[in-house]
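Going by the working numbering, the letters in the sequence shown line up with residues 6 to 256, in that order.
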Amino acid sequence: MAKTSKSERSDRQKVIDDIRRKQKSAESRQGMLIVGACIAVALAIVVAAAWNPVMTAIQQRSSSGKPLNEIGASAAAACQDVTTKDATGSGDHVGTGTQVEYEDSPPAFGQHWNEAGVAPAPIQERYYTEDTRPELESLVHNSEHGFTILWYDEEAADDSGMIADIKSIAQRLDESDTNSRYSFKAVPWTDEDGEPFPDGQHIALTTWTTDGDKQLGVWQYCSEPSGEAVEEFMKDYPYTKAPEPIGGGVG
6 MAKTSKSERS
16 DRQKVIDDIR
26 RKQKSAESRQ
36 GMLIVGACIA
46 VALAIVVAAA
56 WNPVMTAIQQ
66 RSSSGKPLNE
76 IGASAAAACQ
86 DVTTKDATGS
96 GDHVGTGTQV
106 EYEDSPPAFG
116 QHWNEAGVAP
126 APIQERYYTE
136 DTRPELESLV
146 HNSEHGFTIL
156 WYDEEAADDS
166 GMIADIKSIA
176 QRLDESDTNS
186 RYSFKAVPWT
196 DEDGEPFPDG
206 QHIALTTWTT
216 DGDKQLGVWQ
226 YCSEPSGEAV
236 EEFMKDYPYT
246 KAPEPIGGGV
256 G
């Protein structure tokens, strides 16, 4: 067998070295592409996080000075009919921290916590995010006192226009409330809380009311926020008809 000459070995080594250089170059380019993609995704997340609050603030200003019933969509266009069911749990307190399994999404009545300054949640805060919202067991006690609660789902939470309308509704009721008669809170409903709202509905209005000797849970689902629907709902089911008609005179 003939020996390989030095020039042949040199040529072969050059080929091997060239292949290795190309592989390293390709790996380097691939690494840069991955890093670039990660940076782009991170920037997109940062921009989106900053953009939504900015857009919400801009859109909220467009509702400045509007009466409640002109904020958001009309009730006829956005909302389903009101539904009710027999309510139980008035005065049925469980220890703070005890988790109650509610049948409805969201709950309007049932067992609840009872702790000053915690359950029911004080009226001063009208609008909540996922990070600041009281627990369900606190909010159900608010319902027992006659609060109307506007629940918004995760899709609404990601929509700057819907959030702007929800904030405007909460602000208008807060500005107009001189004696706690507008007992209202706007709170998020998440996947962890329970079943989703009916298809296409991203807002739910709830309260706990009485009808003669009966107690009722009340719901109205809407595809988007409607100040008109909130106004009509609170007129039809005022806090004075609640099982414990205290309204915002809590905490």
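Ideal placement from N, C-alpha and C gives every residue a C-beta, glycine not left out.
On the DSSP bridge list, what partners appear for residue i?
i	result
G77	S231
L221	D91 and T214
P193	Y157
E120	A124
Y107	According to DSSP, Y107 bridges with nothing at all.
Y132	A191
Y242	Bridge partners of Y242: none, in fact.
Could you tell me the boundaries of the alpha helix (DSSP H) in which residue i lies?
i	result
K172	S165 to S181
V145	L141 to E149
A161	E159 to A162
Are residue i and residue j closer than 9 Å when you measure CB to CB?
i	j	result
W156	E140	no
A262	S165	What is shown of the chain runs 6 to 256, which leaves residue 262 out entirely.
P248	A92	yes
T245	G253	no
A191	Y132	yes
S231	G77	yes
F202	W213	no
E264	V99	Missing from the structure shown is residue 264; the chain here goes from 6 to 256 and no further.
Q85	Q225	yes
E233	E75	yes
R161	L144	The sequence shown places Ala at residue 161, rather than the Arg named in the question. Not in contact: A161 and L144 (Cβ atoms no closer than 9 Å).
G199	D97	no
R177	P72	yes
V87	D182	no
I174	P111	no
D163	E229	no
H207	M167	yes
A124	C227	no
What are the boundary residues of the beta strand (DSSP E) that residue i is part of?
i	result
A209	I208 to D216
Would you say residue i touches the ligand HEM, meaning its beta carbon is less than 8 Å from a heavy atom?
i	result
G102	Ligands in the displayed structure: none, and consequently the ligand HEM is not present.
Tell me, to the nearest whole angstrom, how far the beta carbon of residue i is from that of residue j; I am working on the premise that it is less than 8 Å.
i	j	result
G151	P250	5 Å
T89	G222	7 Å
E120	T101	5 Å
Mind checking if residue i is an interface residue toward chain B, Cβ cutoff 9 Å exclusive?
i	result
G166	Absent from the structure is chain B; it holds one protein chain and no more.
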